Amino acid sequence: MRLRGGVDWIRSRTDLVGSLLLVSAAMLVGAAIVADGALGRALNGVGAVCWFVAIPLLWHAARREAAPAWIWLLCLGLSGSIAFVVRPSDIWLATATFAAAGGCMGWVAVSRPPLWGALLAALYLPAHIGAAVVKVTVRELSGGSASIRTDPPPTAAVVPVLIVVVALGSAWIVGTWRTSRNVPSSALSRSGNAANSQLG
Numbered sequence: 000m001r002l003r004g005g006v007d008w009i010r011s012r013t014d015l016v017g018s019l020l021l022v023s024a025a026m027l028v029g030a031a032i033v034a035d036g037a038l039g040r041a042l043n044g045v046g047a048v049c050w051f052v053a054i055p056l057l058w059h060a061a062r063r064e065a066a067p068a069w070i071w072l073l074c075l076g077l078s079g080s081i082a083f084v085v086r087p088s089d090i091w092l093a094t095a096t097f098a099a100a101g102g103c104m105g106w107v108a109v110s111r112p113p114l115w116g117a118l119l120a121a122l123y124l125p126a127h128i129g130a131a132v133v134k135v136t137v138r139e140l141s142g143g144s145a146s147i148r149t150d151p152p153p154t155a156a157v158v159p160v161l162i163v164v165v166a167l168g169s170a171w172i173v174g175t176w177r178t179s180r181n182v183p184s185s186a187l188s189r190s191g192n193a194a195n196s197q198l199g
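By the count of numbering that gives the first Met the number 0, the sequence shown reaches residue 199 at its end, each step adding exactly one.
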């Protein structure tokens, strides 16, 4: 499905299922923050499963784009960096960082910006878990005390959905703007266009 500005949103069933799973997972995780007790744990578990299933689907779709290694490294690096900086409860910092990171992916991956924005958001959860493990390990090795976990603020429930929507939206907006202004495309854009011409 090609939207205004010549930017592809959905190109295969893998894209569609992966994106829908990611959005559904974000909604379930957000609902789990609001819910209490067994319901909250169940929603969180289902949401986490959907999130982790979406990752390989989006990853597979991105691999079909024959992206150069530096774009993969950029996507992984941005997700990992955000995981160490942004707490899921911080709505404003999450919005700003994912808007900037999604826009960055939209600029370099102009042929498929929504896909790379979705992958960026999807990779945040495992990166966040890994960052938490690293922080706890470093704190224990340094002899520090464990941090006290507090109840998340009410706004924390919208952060998972916000992460996905902002990353997708900013990637699409920047990619569409770059295409409409005829800014020279990256290597990824050229490889994607070549693949399209071969399929056509």
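Glycine included, C-beta positions come from ideal geometry on N, C-alpha and C.
Bear in mind that the values here come from a model prediction, so they are computed numbers and not experimental data.
So is H127 buried or exposed if we call it buried at 16+ other beta carbons inside 10 Å? The residue labelled residue 127 in the question sits at position 128 within the sequence shown. By the neighbour-count rule (16 or more Cβ atoms within 10 Å), H127 is buried.
Quick one: what does DSSP say L122 is sitting in, helix, strand or coil? Sequence index remark: in the sequence shown, residue 122 carries index 123 (1-based). It is coil, neither helix nor strand.
Give me, in chain order, the residues of the same chain whose beta-carbon lies closer than 7 Å to that of F83; leave out the 5 immediate sequence neighbours on both sides. Along the sequence shown, one-based indexing puts residue 83 at 84. Closer than 7 Å at the Cβ level, and outside the excluded window around F83, lie A130.
Can you tell me whether D35 is helix, strand or coil according to DSSP? Start at 1 with the first residue of the sequence shown, and residue 35 comes out as number 36. Of the three classes helix, strand and coil, the one that applies to D35 here is coil, per DSSP.
Please go through the same chain and pick out, in chain order, the residues whose beta-carbon is closer than 6 Å to the beta-carbon of A85, but skip the five residues on each side of it. For the purposes of this step, residue 85 is taken as the residue at position 86 of the sequence shown. Checking the sequence, you will find Val at residue 85 rather than Ala. Only L92, A93 and T96 meet the Cβ criterion.
Assuming A61 and I81 are in contact, meaning their beta carbons sit under 8 Å apart, how far apart are those beta carbons, in whole angstroms? For the purposes of this step, residue 61 is taken as the residue at position 62 of the sequence shown. For the purposes of this step, residue 81 is taken as the residue at position 82 of the sequence shown. About 18 Å; that fails the 8 Å criterion.
Thinking C-alpha only, which one of V132, S169 and W115 is nearest R63? Residue 63 sits at position 64 when you count from the first residue of the sequence shown. For the residues V132, S169 and W115, the minimum Cα distance to R63 belongs to W115.
Helix, strand or coil, according to DSSP, for E139 in the structure here? Counting from one through the sequence shown, the residue named residue 139 turns up at place 140. E139 falls in the helix class under three-state DSSP.
Would L118 and I162 qualify as a contact pair, given that the criterion is a beta-carbon distance under 9 Å? Here the question's residue 118 lines up with position 119 in the sequence shown. Here the question's residue 162 lines up with position 163 in the sequence shown. I162 is positioned such that its CB atom lies no closer than 9 Å to that of L118.
So what does DSSP say about A25, is it helix, strand or coil? Start at 1 with the first residue of the sequence shown, and residue 25 comes out as number 26. In this structure, A25 counts as helix in the three-state DSSP scheme.
Just tell me which of A47, L72, R138 and V133 has its CA closest to the CA of L124. In the sequence shown, the residue the question calls residue 124 occupies position 125. Among A47, L72, R138 and V133, the Cα nearest to that of L124 is on A47.
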